[in-house]
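A.B. asks: In this note's numbering, the protein residues as written are 1122 to 1286.
No residue lacks a Cβ here, since even glycine has one placed at the ideal position from N, Cα and C.
Since the structure is predicted, the reported quantities are computational estimates derived from the model, not experimental observations.
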C-alpha cells in the first residue's frame, strides 16, 4: 500500500526511512494483517492484534534518526537502544485494556514518535481480537511497515510514502 499524507507547510526534505516490526513477546510470531480494500477510511490493510497480549515493537531508521518515546493506543512506551546513533530501537506494548473490535469495525490507533529530530504522528488501522481467538493470526504475516519520512521547518515529521508488507 502506498499513501501520501501531505499537509505540512514549509520546506520538506526526505531525511530517512523508518521500518517498524511487531511481534508477540510470548512466541516471537509476527503480527498478521489482512487486505480490506478501501472499505475503511484508515487504509486498505488492517493490522491484527490480540487483547491482553504483549508485543515487541522494533524500529529501524536509515540513516539513523534519534527517538526517545513512543505513544501507542494510549500507552506511553520508552524506546530502548544499545546505541542511540544506530537508529535501532525496541519497546514492549501491552494490549490489556483495549476493547475487542466488533465484526466489521476497525480501530485507528494513534502512534506518536518523539525525539530531538522531531515529532511523527500516525494512525494504524487495526482490529483487536480476544487473546485466544485464532482470527488474530489469520492472514499475511507482517514483514514490516516502511515509511519514507520528511521533516518540515518546525520539526514535524511527515510520512510521504507507506508500504505494509
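1) Does DSSP put residue 1151 in a helix, in a strand, or in coil?
2) Does the beta-carbon of residue 1134 have 16 or more other beta-carbons within 10 angstroms, so that it is buried, or is it exposed?
3) Go through its chain and collect everything with a Cβ distance to residue 1184's Cβ below 6 angstroms, but skip five positions before and after it.
4) What is the rounded straight-line gap between the Cα of residue 1271 and the Cα of residue 1161?
5) Using 8 angstroms as the threshold, is the C-beta distance between residue 1175 and residue 1146 below it?
6) Just list the residues that DSSP pairs residue 1243 with in beta bridges.
7) Given a threshold of 16 other Cβ atoms within 10 Å of its Cβ, counted over all protein chains shown, does residue 1208 qualify as buried or as exposed?
8) Just verifying my parser: in three-state terms, what is the DSSP assignment at residue 1157?
9) Buried or exposed: residue 1255, going by 16 or more other Cβ atoms within 10 Å of its Cβ?
10) Give the straight-line distance between the Cα atoms of residue 1083 and residue 1277, rounded to the nearest whole angstrom.
11) Less than 8 angstroms separating the beta-carbons of residue 1230 and residue 1247?
12) Could you give the DSSP three-state label for residue 1256: helix, strand or coil?
13) Leaving out five residues on either side along the sequence, give the residues of the same chain with a beta carbon under 7 angstroms from the beta carbon of residue 1366.
C.D. replies: So, from the data block:
1) Within the chain shown, numbered from 1, the residue matching residue 1151 stands at position 30. If DSSP states are grouped into helix, strand and coil, residue 1151 belongs with the strands.
2) Here residue 1134 corresponds to residue number 13 of the chain shown, with the count starting at 1. Burial call: exposed.
3) The residue given as residue 1184 occupies position 63 in the chain shown. Here residue 1184 has 1137 as same chain residues with Cβ atoms under 6 angstroms from its own Cβ, once five neighbours each way along the sequence are excluded.
4) Here residue 1271 corresponds to residue number 150 of the chain shown, with the count starting at 1. Here residue 1161 corresponds to residue number 40 of the chain shown, with the count starting at 1. Taking C-alpha positions only, residue 1271 is separated from residue 1161 by approximately 26 angstroms.
5) Along the chain shown, one-based indexing puts residue 1175 at 54. Along the chain shown, one-based indexing puts residue 1146 at 25. Cβ atoms of residue 1175 and residue 1146: closer than 8 angstroms.
6) Here residue 1243 refers to the residue found at position 122 when the chain shown is read from its first residue. According to DSSP, residue 1243 bridges with 1232.
7) As a first step, residue 1208 is located in the chain shown; it is residue number 87 there, counting from the start. Buried, since its Cβ has 16 or more Cβ neighbours within 10 Å.
8) Locating residue 1157 in the chain shown gives position 36, where the first residue counts as 1. In the three-state reduction of the DSSP assignment, residue 1157 falls in the strand class.
9) Numbered from its first residue, the chain shown carries residue 1255 at position 134. The residue is exposed, with fewer than 16 neighbouring Cβ atoms inside 10 Å.
10) No answer is possible for residue 1083: the residues shown for the chain start at 1122 and end at 1286.
11) Sequence index remark: in the chain shown, residue 1230 carries index 109 (1-based). Sequence index remark: in the chain shown, residue 1247 carries index 126 (1-based). Pairing residue 1230 with residue 1247 gives a Cβ-Cβ distance under 8 angstroms.
12) Residue mapping note: residue 1256 aligns to position 135 of the chain shown, counting from 1. Here residue 1256 sits in helix by DSSP.
13) With the chain represented from 1122 up to 1286, any question about residue 1366 goes unanswered, as that position is not in the structure.
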